[in-house]
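S.K.: Before I ask anything, let me first share the structure, which is written out below as C-alpha cells.
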Amino acid sequence: MSDATELPPLPIPTAGLRPGLIRDPFAYLMDAAASYDGLVRIGPAALRIFVVSHPDHIRRILVTHAANYPKGSMMRPFRAALGNGLVTSEGDYWKRQRRFMQPAFHSRQLEAMEAHVAACVERAVARWCDGARRGVPVNILDESIRLNVEIVLGALFSTSIDGPRADRLRELTSQVFVGLASKVWTFFLPDRLPMPGTTAYRLAVAELDSEVFRIIGERRGSDDDPEDLLGLLLAAEDSETGERMTDRQLRDEIFTLFMAGYETTATGTTWISYELARHPEIADKLVAELDRVASGESLALAELSRLEYQRRVIHEAFRLHPPFPIWFRETVDSDTLGPYRLPAKARIILNPHITHRDPRYWDDPESFDPDRFAPDRFTSRMRHAYYPFGKGSRVCIGERLATSITQMVVSALVRNFEFTILEGFRVEPRYVVTCQPRGGLPLVLRER
Ligand code: HEM
Numbered sequence: 001m002s003d004a005t006e007l008p009p010l011p012i013p014t015a016g017l018r019p020g021l022i023r024d025p026f027a028y029l030m031d032a033a034a035s036y037d038g039l040v041r042i043g044p045a046a047l048r049i050f051v052v053s054h055p056d057h058i059r060r061i062l063v064t065h066a067a068n069y070p071k072g073s074m075m076r077p078f079r080a081a082l083g084n085g086l087v088t089s090e091g092d093y094w095k096r097q098r099r100f101m102q103p104a105f106h107s108r109q110l111e112a113m114e115a116h117v118a119a120c121v122e123r124a125v126a127r128w129c130d131g132a133r134r135g136v137p138v139n140i141l142d143e144s145i146r147l148n149v150e151i152v153l154g155a156l157f158s159t160s161i162d163g164p165r166a167d168r169l170r171e172l173t174s175q176v177f178v179g180l181a182s183k184v185w186t187f188f189l190p191d192r193l194p195m196p197g198t199t200a201y202r203l204a205v206a207e208l209d210s211e212v213f214r215i216i217g218e219r220r221g222s223d224d225d226p227e228d229l230l231g232l233l234l235a236a237e238d239s240e241t242g243e244r245m246t247d248r249q250l251r252d253e254i255f256t257l258f259m260a261g262y263e264t265t266a267t268g269t270t271w272i273s274y275e276l277a278r279h280p281e282i283a284d285k286l287v288a289e290l291d292r293v294a295s296g297e298s299l300a301l302a303e304l305s306r307l308e309y310q311r312r313v314i315h316e317a318f319r320l321h322p323p324f325p326i327w328f329r330e331t332v333d334s335d336t337l338g339p340y341r342l343p344a345k346a347r348i349i350l351n352p353h354i355t356h357r358d359p360r361y362w363d364d365p366e367s368f369d370p371d372r373f374a375p376d377r378f379t380s381r382m383r384h385a386y387y388p389f390g391k392g393s394r395v396c397i398g399e400r401l402a403t404s405i406t407q408m409v410v411s412a413l414v415r416n417f418e419f420t421i422l423e424g425f426r427v428e429p430r431y432v433v434t435c436q437p438r439g440g441l442p443l444v445l446r447e448r
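First residue of the sequence shown: 1, per the UniProt record's numbering; consecutive thereafter.
Put into C-alpha cells, the structure is as follows:
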C-alpha cells in the first residue's frame with residue numbers, strides 16, 4: 001500500500017486566491033513553487049488547486065497517466081468561447097477530430113505552403129524597411145501577429161485577407177485572450193456574473209464567429225476544393241454514422257485554430273527578437289549561419305533543418321519565455337505524485353515557465369545561453385524538463401508549422417536588420433493566455 005497520504009504543502013497561509021495571482025500569475029506561481037519540490041497547493045482548500053512543475057509529475061500527468069488527467073473545470077471559460085474544438089474537447093470525440101486534422105500539419109502540407117509563407121514574409125519585410133527608413137519603431141508583436149494571421153489563414157483555410165481585415169482579426173483575438181485571461185482565475189464564478197471587459201469580450205467572440213461562418217460559407221459555395229485543413233474538415237466522415245461535421249462543429253475547430261494558431265507563434269517571435277536585441281552578437285552568428293547554409297535571397301523550407309544554431313536560439317528563447325505558459329488538468333481519480341496524494345477532482349496548473357527556470361535542471365537558468373542546447377551539453381535531464389509545446393498525445397498539433405514560420409520570420413528579421421529595443425521602453429511580461437510583453441515590443445530597425 002502507498003504511504004503517500006499527505007496533501008502537498010501550501011506556500012503561505014491564504015484565505016483565498018491571492019489577488020497576486022490575477023495581477024501577475026507568473027510571479028505568484030514562481031513564488032509559490034520556489035521552495036517546494038515541484039508540487040504545491042494554492043488557494044482555499046475547497047478549490048483543490050495544485051501547481052505542478054516537477055518533470056516526473058509532468059510526465060505522469062501528460063504522458064503515462066494522461067487518461068486520469070483530462071483538461072477539467074478550469075478550462076470552462078475556454079469552452080464557453082472555443083466550444084468543443086481540439087484544445088477543449090476530450091475522449092473519443094477529441095481522438096477522432098485529431099485524426100481528421102493531423103494530415104493538414106504534415107510536412108508535405110507545409111511544403112505546399114512555402115510560396116505563400118515566403119510572400120507574406122516578404123510583404124512584412126517591405127513594411128519594416130519602410131519603418132526603418134522613416135525612423136519609426138516597429139512593434140514586432142503587432143507585426144508578427146498580423147503576419148501570422150495572414151500566414152495561418154492562407155495556409156489552413158486558403159483564405160487571403162487584406163491588411164485592415166488582418167488588423168481587425170488581430171484586435172478581436174487579442175480582446176478574446178484578455179477576456180479569457182481574466183476569467184481563468186475566477187473559473188468558479190458563474191459565467192453570467194458581469195466582470196470588467198465582459199461586453200468587449202462578448203462582442204469580440206460574436207464578430208470572430210461571423211468571420212468563421214463567412215469562411216465556411218464561402219467554401220461551401222465555391223467550386224474550388226483546396227487540400228487544406230478546411231477541406232479535410234469538410235470532407236471528414238464519421239466512420240460509424242457516415243455523417244459529416246455540422247457548421248457548429250466546424251466553427252469550433254476553426255475558432256480554436258484562430259485562437260491557438262497565430263498569437264502564440266507571434267508571441268514566440270517577439271521574445272526571440274527581445275533576446276536578440278539584447279544579444280546582438282548572437283544575431284550576428286545567426287546571420288553568419290544563414291549566409292553559410294541558405295543558397296538564395298529567400299529561404300527555402302528544406303533549408304530550415306540545416307540551421308542548427310538558429311534552432312538552439314529558438315529553443316533557448318522558448319525555455320525562458322514559453323509563449324503559451326499556463327495549462328490546466330483535473331484528476332478523475334485520486335493519484336500519487338512523489339510523496340504526496342492528490343484527491344479526485346484536483347485542479348492542476350501546469351506551468352513550463354517554472355520548470356524551465358528551475359536551477360536543479362538548468363545551470364544559471366536566468367541567462368540566455370543557446371549553446372546549452374548543443375548536442376554535447378543538452379542532457380536527458382534537461383530534455384525531461386523542457387516542454388514549451390506540451391507532451392504526450394495532446395502535444396501541440398501546430399508545433400512544426402509554428403517552428404517553420406518562426407524560423408522564416410526570424411531569418412528575414414536578422415538578415416535584413418540590426419535592431420535595438422526603443423530606448424526607455426520597459427519590458428514587462430503580461431499574462432493574456434499567452435505571455436506577452438505589455439504594450440508589445442517596439443524595435444528600432446536599421447537595414448543591414
Ligand atoms: C510557438 C507557437 C506555439 C506554442 C508555444 C504552442 C503551445 C501549445 C501547447 C503547450 C499546447 C498543449 C496545451 C495542453 O496540453 O493543454 C498546444 C496545443 C495545441 N496547439 Fe499549439 N502552440 C503553438 C502554435 C500553434 C499553432 C501554429 C497551431 C495551429 C495553427 C496550434 C494549435 C494547437 C492546438 C489545436 C492544440 C490542441 C491539441 C490537442 O489537444 O490535440 N498551436 N499548443
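Every residue, glycine too, gets a C-beta built ideally from N, C-alpha and C. Note that the structure is a prediction, hence the values are computed from the model and not measured.
Going by beta carbon distance, what residues of the same chain come within less than 8 Å of Thr256, once the five residues before and after it are set aside?
M.R.: Answer for Thr256: Leu82, Gly83, Gly85, Leu86, Val87 and Thr88, listed in chain order.
S.K.: Confirm the yes/no value for this check: CB of Met399, any heavy atom of ligand 1, distance under 8 Å.
M.R.: For clarity, residue 399 is Glu in the given sequence; the question names Met instead. Under cutoff, so the answer is yes.
S.K.: Between the segment 306 to 323 and the segment 418 to 425, do three or more beta carbon pairs fall short of 8 Å?
M.R.: Segments in contact, no.
S.K.: Could you compute how far the alpha carbon of Trp128 sits from the alpha carbon of Tyr262?
M.R.: Computed Cα separation, rounded: 19 Å.
S.K.: Let me make sure I understand the geometry here. Which of Ser210, Trp327, Val63 and Thr406 has the alpha-carbon closest to that of Thr265?
M.R.: Of Ser210, Trp327, Val63 and Thr406, the residue nearest in Cα terms is Thr406.
S.K.: Excluding five sequence neighbours on each side, which residues of the same chain lie with their C-beta closer than 6 Å to the C-beta of Val212?
M.R.: Cβ within range, chain order: Arg251, Ile254 and Phe255.
S.K.: At a cut of 8 Å, does the segment 139 to 146 reach the segment 36 to 50 through at least three beta carbon pairs?
M.R.: Not touching, per the Cβ criterion.
S.K.: How far does the beta strand (DSSP E) with Gln436 in it reach, from first residue to last?
M.R.: Where Gln436 is concerned, the enclosing beta strand (DSSP E) stretches over Thr434 to Pro437.
S.K.: Ligand 1 heavy atoms versus the CB of Ser393: any closer than 8 Å?
M.R.: Yes, the Cβ of Ser393 comes within 8 Å of a heavy atom of ligand 1.
S.K.: My output table needs one value for Ala15: the three-state DSSP class, helix, strand or coil.
M.R.: With a pLDDT of only 41 at Ala15, under the threshold of 50, the placement of this residue in the model should not be trusted; the figure read from the coordinates follows. Three-state result, Ala15: coil.
S.K.: Tyr431 and Ala181 - do their beta-carbons sit closer together than 9 Å?
M.R.: Contact flag set, yes.
S.K.: Report yes if the C-beta distance between Ala124 and Val444 is below 9 Å; otherwise report no.
M.R.: No, these two residues do not count as a Cβ contact at 9 Å.
S.K.: Could you tell me which residues DSSP puts in a beta bridge with Ile348?
M.R.: The partner list for Ile348 (beta bridge, DSSP) reads Phe50 and Arg329.
S.K.: Please check the pair Leu301 and Glu114, which I expect to be a contact at CB under 8 Å, by giving their CB distance rounded to whole angstroms.
M.R.: The pair is a contact, with the Cβ atoms about 5 Å apart (cut-off 8 Å).
S.K.: Write down the C-beta distance between Arg165 and Ile397 rounded to the nearest angstrom, noting that I regard them as a contact closer than 8 Å.
M.R.: With a Cβ gap of about 25 Å, Arg165 and Ile397 do not count as contacting.
S.K.: Check this for me: beta carbons of Ile282 and Leu290, under 9 Å apart or not?
M.R.: No.
S.K.: Give the range of the alpha helix (DSSP H) segment to which Asp291 is assigned.
M.R.: Counting along the chain, the alpha helix (DSSP H) containing Asp291 begins and ends at Pro280 to Val293.
S.K.: Tell me where the beta strand (DSSP E) around Arg341 begins and ends.
M.R.: Note, Arg341: beta strand (DSSP E), Tyr340 to Leu342.
S.K.: Kindly give me the distance between the Cβ atoms of Leu234 and Arg214, rounded to whole angstroms, as I take these residues to be in contact under 8 Å.
M.R.: 15 Å between Cβ atoms; not a contact.
S.K.: Cβ of Pro323 within 8 Å of any heavy atom in ligand 1?
M.R.: Flag set: Cβ of Pro323 near ligand 1.
S.K.: Are the beta-carbon atoms belonging to Leu156 and Asp228 less than 9 Å from one another?
M.R.: In contact: Leu156 and Asp228 (Cβ atoms closer than 9 Å).
S.K.: Going by DSSP, which residues form a beta bridge with Leu445?
M.R.: Paired residue(s): Phe419.
S.K.: Assign Val63 to buried or exposed, taking buried as 16 or more other Cβ atoms, counted over all protein chains shown, within 10 Å of its Cβ.
M.R.: Val63 is exposed by the Cβ-count criterion.
S.K.: Whole angstroms are fine: how far does the CA of Thr434 sit from the CA of Asn351?
M.R.: If you take the alpha carbons of Asn351 and Thr434, they lie about 12 Å apart.
S.K.: Helix, strand or coil for Thr256 per DSSP?
M.R.: Three-state result, Thr256: helix.
S.K.: Please tell me whether, using a cut-off of 8 Å, the distance from the CB of residue 457 to the nearest non-hydrogen atom of ligand 1 is below it.
M.R.: Here the chain has residues from 1 to 448 only, and residue 457 is not among them.
S.K.: Which one of Arg76, Arg329, His106 and Phe378 has the shortest CA to CA distance from Ala66?
M.R.: Taking only the C-alpha atoms, the option nearest Ala66 is Arg329.
S.K.: Does the beta carbon of Ala166 fall short of 8 Å from some heavy atom of ligand 1?
M.R.: Checking every heavy atom of ligand 1 against the Cβ of Ala166, none is found closer than 8 Å.
S.K.: With DSSP run on the structure shown, which of helix, strand or coil describes Tyr361?
M.R.: Looking at Tyr361 - three-state DSSP - the assignment turns out to be coil, as it is neither helix nor strand.
S.K.: Going along the chain, which residues of its own chain have a beta-carbon closer than 8 Å to the beta-carbon of Lys285, five neighbours each way excluded?
M.R.: Within the same chain, Lys285 has close Cβ partners Tyr309.
S.K.: For the beta strand (DSSP E) that contains Val136, what are its first and last residues?
M.R.: Note, Val136: premise wrong, no beta strand (DSSP E); not H, not E.
S.K.: Taking C-alpha atoms, which residue in Pro325, Lys345 and Phe318 lies nearest to Thr331?
M.R.: With distances taken between Cα atoms, Thr331 lies closest to Lys345.
S.K.: Check Arg168 in the structure and name its three-state DSSP category.
M.R.: DSSP places Arg168 in helix when its eight states are reduced to three.
S.K.: Would you say Ser160 and Leu304 are within 9 Å of each other, going by their C-beta atoms?
M.R.: Taking 9 Å as the Cβ cut-off, Ser160 and Leu304 do not qualify as a contacting pair.
S.K.: In its own chain, which residues sit with a C-beta less than 7 Å from the C-beta of Ala132, not counting the 5 before and 5 after it?
M.R.: Excluding positions up to five away in sequence, the list reads Phe417, Leu445, Arg446 and Glu447.
S.K.: Could you tell me which uninterrupted alpha helix (DSSP H) segments, each at least 4 residues in length, are contained entirely in the segment 84 to 138, listed from first to last along the chain?
M.R.: 91 to 101, 107 to 112 and 114 to 134, all fully within the segment 84 to 138.
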